[in-house]
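**Student:**
In structure tokens:
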């Protein structure tokens with residue numbers, strides 16, 4: 597990968613660089629509710645069944661679309677259209693022309709920094725296979 601590739605425009609990244617941009621927070625794998633009238637998105641603490649909550653990584657990244665048809669594949673073309681992406685998401689930040697935060701592993705060199713900074717779902721998300729009714733899992737904090 598090229599030095600400081602994350603500072604380049606998203607459409608200039610190689611596939612390897614694109615994949616490396618992910619900070620490993622797991623927030624994009626949380627279920628969300630959309631108000632039918634207002635379009636407002638409310639996050640939950642319920643994670644996709646494929647998310648390894650401890651590692652904050654998909655347990656079947658290559659096969660996720662076959663197992664979870666609703667899983668969205670982010671691309672440089674569609675990332676700007678995903679208003680539900682967390683404000684801290686590296687893809688969203690770069691699509692908006694903003695820099696990565698200091699806790700991002702590409703900036704600080706430490707993959708655990710995202711967790712220490714409280715920017716991941718580790719420690720508070722629950723798998724959809726164990727969650728129960730979604731109404732009991734609304735999150736009242738900004739993701």
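Numbering (our numbering), first residue to last: 597 to 739. The C-beta atom is built at its ideal place from N, Cα and C for all residues, glycine as well.
By Cβ distance, which residues of its chain are closer than 6 Å to residue 708, with the 5 residues on each side in sequence left out?
**Tutor:** Taking the first residue of the chain shown as position 1, residue 708 is located at position 112. Here the set comprises nothing.
**Student:** Can you give the beta carbon distance from residue 663 to residue 646, rounded, assuming they're within the 8 Å contact cut?
**Tutor:** Numbered from its first residue, the chain shown carries residue 663 at position 67. Numbered from its first residue, the chain shown carries residue 646 at position 50. Contact between residue 663 and residue 646 holds: their C-beta atoms lie close to 6 Å from each other, under 8 Å.
**Student:** Please determine, among 613, 634, 731 and 638, the residue with the shortest C-alpha to C-alpha distance to residue 624.
**Tutor:** Numbered from 1 along the chain shown, position 28 holds the residue referred to as residue 624. The option with the nearest alpha carbon to residue 624 is 638.
**Student:** Which one of 677, 729, 674 and 720 has the shortest CA to CA distance from residue 652?
**Tutor:** Here residue 652 refers to the residue found at position 56 of the chain shown. Selected option, being the one with the closest Cα: 720.
**Student:** Hey, residue 686 and residue 702: beta-carbon distance below 9 Å or not?
**Tutor:** Stepping through the chain shown from its first residue, residue 686 is reached at position 90. Stepping through the chain shown from its first residue, residue 702 is reached at position 106. Taking C-beta atoms as the reference points, residue 686 and residue 702 count as a pair closer than 9 Å.
**Student:** Per DSSP, what kind of secondary structure is residue 627 in: helix, strand or coil?
**Tutor:** Counting from one through the chain shown, the residue named residue 627 turns up at place 31. DSSP places residue 627 in the strand class (E or B) of the three-state scheme.
**Student:** Can you round the beta-carbon distance between residue 691 and residue 710 to whole angstroms, since I take them to be within the 8 Å contact cut?
**Tutor:** Taking the first residue of the chain shown as position 1, residue 691 is located at position 95. Taking the first residue of the chain shown as position 1, residue 710 is located at position 114. Wrong, their Cβ atoms sit about 19 Å apart, outside the cutoff.
**Student:** Please report the distance separating the alpha-carbon of residue 649 from that of residue 608.
**Tutor:** As a first step, residue 649 is located in the chain shown; it is residue number 53 there, counting from the start. As a first step, residue 608 is located in the chain shown; it is residue number 12 there, counting from the start. When rounded, the distance between both Cα atoms is 31 Å.
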